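Protein chains in written order, with the working numbering: chain A, 385 to 676; chain B, 4 to 184.
See the structure below:
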């Protein structure tokens, strides 16, 4: 089963574990309903759409309310420490959680006791904690954007907010940052770097770069990184190898954005609606004729 | 376009390294409140990254002249703020990212500070998107800011709790400076 671990921006949202369905553009889990907006709900929207296209069962969501104080995240960490081995998860994606190294380590130790160990994917706050803990290499895939890649490349930074200027500098190319992240053991086995160009890297080498179609406005839209992580999670869970899943997810995210004809004011829900068509078009040659 | 965060010239030279201490709080939101309180009282303080031995995750600390500890703690007490720890430091602390990036999309303007981006409709001054970041207050901040006019929206420093929230505050302040003067 595919498990998605994250938070929703409502501090009264209780710890909720259940299968996720999409109904009328909203996420349903147990008796809770969540708007499909940025953050983990956007990731879940992309996961559900991808599972529908692939004919996969619904994912299991492990969600809690957290508005940045960390109370909800710690409740969820504690649940995972005790229960993750009983959930039957073969792929787990960790997302918007309060970065906390101690709790990260407790959850990772619990995951390491599962045989066979699930495929582990991390993004957002949990990826920050994974890097800071020095255990990045235990993960199969990180999905940083280019700024977060600079953070992974900076062996001293505990959070992207502290990435040193000489590493963050625009002249640094993705390849240099990827090399540096692997050199200091701060990268997962695979990296899917999201940016103007997307890159798939493995053990310090770029395996593939994805460039088109390009929509400048995507940079401003909150959630466009969450959708790519959602798609790649479902694709990996379907059995696709990680490199191919990264390429397909990156291409599909670009196509979904392109089909939405976005402006910087576009909301992520509009882009998620185009994911099924985008996934079905990934292997078709792209042309302006089939772009609308 | 990149440019450095604008810093006020300091009234005094920074003291020697062995004269500094750091105030550690439970939450970044408390650091932000303490920073506002101490700066408005005229103290020469800096928001910095904690030394490795006390890092837990999403941390900020306040660096202050150690000799002023009692006065500074009194100022904080008057604002109902109590640091979790007060620690002397003698090694360099991490400095926050200090670059802004401004991108003009024609009808929209985007400001990035560190890992957070804020986009505004230039005609209506409505905040249309918040992106970047990975801490759990980012979706919460986005929900509370998007759709509001720049002059009416809450400050991220007032409702955010993490380093991502702090970075968004910097973008928000710069956007206000660019759009409202």
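Just so it is clear, CB atoms sit at the ideal spot from N, CA and C, and this is done for glycine as well. Predicted model only: the values in this text are computed from it and were never measured.
Supposed contact pair residue 142(B) and residue 421(A) - C-beta distance, whole angstroms, cut 8 Å: Residue mapping note: residue 421(A) aligns to position 37 of the first chain, counting from 1. Residue mapping note: residue 142(B) aligns to position 139 of the second chain, counting from 1. Between residue 421(A) and residue 142(B) the beta-carbon gap is near 7 Å, inside 8 Å, which marks them as a contact.
Three or more C-beta pairs under 8 Å: does that hold for the region 95-110 of chain B against the region 49-57 of chain B? A contact exists between the region 95-110 of chain B and the region 49-57 of chain B.
Reference residue 90(B), options 58(B), 173(B), 149(B), closest by Cα: Within the second chain, the letter at position 87 stands for residue 90(B). Answer by Cα proximity: 58(B).
Taking all protein chains shown into account, do 16 or more other C-beta atoms lie within 10 angstroms of the C-beta of residue 183(B), making it buried, or fewer, making it exposed? The residue given as residue 183(B) occupies position 180 in the second chain. Exposed is the call here.
Using the C-alpha atoms, what's the distance from residue 565(A) back to residue 588(A)? Counted from its first residue, the first chain places residue 588(A) at position 204. Counted from its first residue, the first chain places residue 565(A) at position 181. Our two residues, residue 588(A) and residue 565(A), have alpha carbons roughly 8 Å apart in a direct line.
Taking three-plus beta-carbon pairs below 8 Å as touching, is the region 108-115 of chain B in contact with the region 390-409 of chain A? No, they do not touch.
Taking the alpha carbon of residue 493(A) as the point to measure from, which residue in 651(A), 636(A), 483(A), 523(A) has its own alpha carbon closest? For this step, residue 493(A) is matched to residue 109 along the first chain. Restricting attention to 651(A), 636(A), 483(A), 523(A), the CA atom closest to the CA of residue 493(A) is found in 523(A).
Validate contact between the region 633-652 of chain A and the region 466-475 of chain A using beta carbons, cut 8 Å, 3 pairs: Not touching, per the Cβ criterion.
With DSSP as the reference, please indicate the residues paired to residue 505(A) in a beta bridge. Start at 1 with the first residue of the first chain, and residue 505(A) comes out as number 121. The secondary-structure analysis by DSSP pairs residue 505(A) across a beta bridge with 477(A), 525(A).
For residue 506(A), collect the residues of the same chain with a Cβ closer than 6 Å to its Cβ; drop the 5 residues on either side in sequence, then sort them by chain order. Position 122 of the first chain, counting from 1, holds the residue named residue 506(A). Here residue 506(A) has 478, 514, 523, 526 as same chain residues with Cβ atoms under 6 Å from its own Cβ, once five neighbours each way along the sequence are excluded.
Take residue 668(A) as the anchor and find which of 615(A), 651(A), 653(A), 632(A) has the nearest alpha-carbon. Counted from its first residue, the first chain places residue 668(A) at position 284. Selection 615(A), 651(A), 653(A), 632(A) evaluated against residue 668(A) yields 632(A) as nearest (Cα-Cα).
Just the C-alpha distance for residue 14(B) and residue 518(A), rounded to the nearest angstrom, thanks. The count along the second chain starts at 1 and reaches residue 14(B) at position 11. The count along the first chain starts at 1 and reaches residue 518(A) at position 134. Reliability of the predicted coordinates at residue 14(B) is poor, the pLDDT of 40 falling under 50, and no value is obtained from them.
Can you tell me whether residue 623(A) is buried or exposed? The criterion is at least 16 other CB atoms within 10 Å of its CB, across all chains shown. Position 239 of the first chain, counted from the first residue, corresponds to residue 623(A). Exposed is the call here.
Interface partners of residue 146(B) on chain A, CB under 8 Å: As a first step, residue 146(B) is located in the second chain; it is residue number 143 there, counting from the start. Chain A residues near residue 146(B): 393, 421.
By Cβ distance, which residues of its chain are closer than 7 Å to residue 149(B), with the 5 residues on each side in sequence left out? Residue 149(B) sits at position 146 when you count from the first residue of the second chain. Here the set comprises 130, 131, 132, 133.
Endpoints, the beta strand (DSSP E) within which residue 548(A) is located: For the purposes of this step, residue 548(A) is identified with residue 164 of the first chain, where counting begins at 1. In the DSSP annotation of this structure, residue 548(A) is not part of any beta strand (DSSP E), being labelled neither H nor E.
Separation of residue 394(A) from residue 454(A), as counted between CA atoms: Residue numbering aside, residue 454(A) sits at position 70 when the first chain is read from its first letter. Residue numbering aside, residue 394(A) sits at position 10 when the first chain is read from its first letter. Looking at the two C-alpha atoms, the distance is approximately 12 Å.
Proximity to residue 612(A) [Cα-Cα], best of 629(A), 404(A), 600(A), 572(A): Within the first chain, residue 612(A) is the residue found at index 228, counting from 1. Between residue 612(A) and the set 629(A), 404(A), 600(A), 572(A), the nearest pair of CA atoms involves 629(A).
Give the C-beta separation of residue 436(A) and residue 61(B) to the nearest angstrom, bearing in mind that I take them to be a contact with Cβ-Cβ under 8 Å. Indexing the first chain from 1 puts residue 436(A) at position 52. Indexing the second chain from 1 puts residue 61(B) at position 58. Contact doesn't hold; Cβ gap of about 35 Å is too wide.
List the residues of chain A that residue 158(B) touches, going by C-beta distances under 9 Å, in chain order. What you label residue 158(B) is simply residue 155 of the second chain in a count that begins at 1. Result: empty, since nearest Cβ-Cβ is about 14 Å, beyond 9 Å.
With hydrogens ignored, establish whether the beta-carbon of residue 26(B) is closer than 7 Å to any heavy atom of the ligand SAM. This structure lacks the ligand SAM, and indeed carries no ligand of any kind.
Using the three-state DSSP reduction, which class does residue 49(B) fall into: helix, strand or coil? By one-based count along the second chain, residue 49(B) stands at place 46. Residue 49(B): strand per DSSP, three-state reduction.
Within 8 Å of chain B by C-beta, residues of the region 435-468 of chain A in sequence order: Within the region 435-468 of chain A, the residues whose Cβ lies closer than 8 Å to any Cβ of chain B are, in chain order, 450, 451, 452, 453, 454, 456, 457.
Within 10 angstroms of the Cβ of residue 429(A), are there 16 or more other Cβ atoms? Answer buried if so, exposed if not. Against the first chain, residue 429(A) aligns to sequence position 45. By the 10 Å Cβ count, residue 429(A) comes out buried.
Have a look at residue 151(B) and residue 128(B) and give me their C-alpha separation to the nearest angstrom. Position 148 of the second chain, counting from 1, holds the residue named residue 151(B). Position 125 of the second chain, counting from 1, holds the residue named residue 128(B). Residue 151(B) and residue 128(B) have their C-alpha atoms some 8 Å from each other.
Tell whether a beta-carbon distance below 8 Å holds between residue 177(B) and residue 116(B). Your numbering for residue 177(B) matches position 174 in the second chain. Your numbering for residue 116(B) matches position 113 in the second chain. Annotated as proximal: residue 177(B) and residue 116(B), with beta-carbon spacing under 8 Å.
Among residues of its own chain, excluding the 5 on either side of residue 562(A), which ones have a beta-carbon nearer than 6 Å to its beta-carbon? Here residue 562(A) refers to the residue found at position 178 when the first chain is read from its first residue. Excluding sequence neighbours, residue 562(A) sits near 585.
Quick check on DSSP: helix, strand or coil for residue 496(A)? Residue mapping note: residue 496(A) aligns to position 112 of the first chain, counting from 1. DSSP places residue 496(A) within a helical segment (H, G or I) once states are collapsed to three.
Chain-ordered neighbours of residue 50(B) on chain A, where CB pairs are closer than 9 Å: Indexing the second chain from 1 puts residue 50(B) at position 47. One finds nothing in chain A with a Cβ atom closer than 9 Å to the Cβ of residue 50(B); even the nearest lies about 10 Å away.
Is it right to say residue 684(A) is buried, meaning 16 or more other beta carbons lie within 10 angstroms of its own, or is it exposed? Nothing about residue 684(A) can be reported from this structure: the residues present for chain A run from 385 to 676 only.
Please confirm whether residue 93(B) has its beta-carbon closer than 8 Å to some beta-carbon of chain A. As a position in the second chain, residue 93(B) is number 90, starting the count at 1. By this cut-off, residue 93(B) is not an interface position.
In whole angstroms, what is the alpha-carbon distance linking residue 136(B) and residue 425(A)? Here residue 136(B) is taken as the residue at index 133 of the second chain, counted from 1. Here residue 425(A) is taken as the residue at index 41 of the first chain, counted from 1. If you draw a straight line from the Cα of residue 136(B) to the Cα of residue 425(A), it comes to about 15 Å.
Could you tell me if residue 441(A) is buried or exposed, where buried requires 16 or more neighbouring beta carbons within 10 angstroms of its beta carbon? Along the first chain, one-based indexing puts residue 441(A) at 57. Its Cβ having fewer than 16 others within 10 Å, residue 441(A) is exposed.
For a test of the three-state rule: what should DSSP assign to residue 552(A), helix, strand or coil? In the first chain, counting from the first residue as 1, residue 552(A) sits at position 168. Here residue 552(A) sits in helix by DSSP.
8 Å Cβ cutoff, residue 62(B) in contact with chain A: Counting from one through the second chain, the residue named residue 62(B) turns up at place 59. Interface residue (Cβ-Cβ distance to chain A less than 8 Å): residue 62(B) is classified as such.
Just to confirm, is the Cβ distance from residue 36(B) to residue 68(B) under 8 Å? Residue numbering aside, residue 36(B) sits at position 33 when the second chain is read from its first letter. Residue numbering aside, residue 68(B) sits at position 65 when the second chain is read from its first letter. Cβ atoms of residue 36(B) and residue 68(B): not closer than 8 Å.
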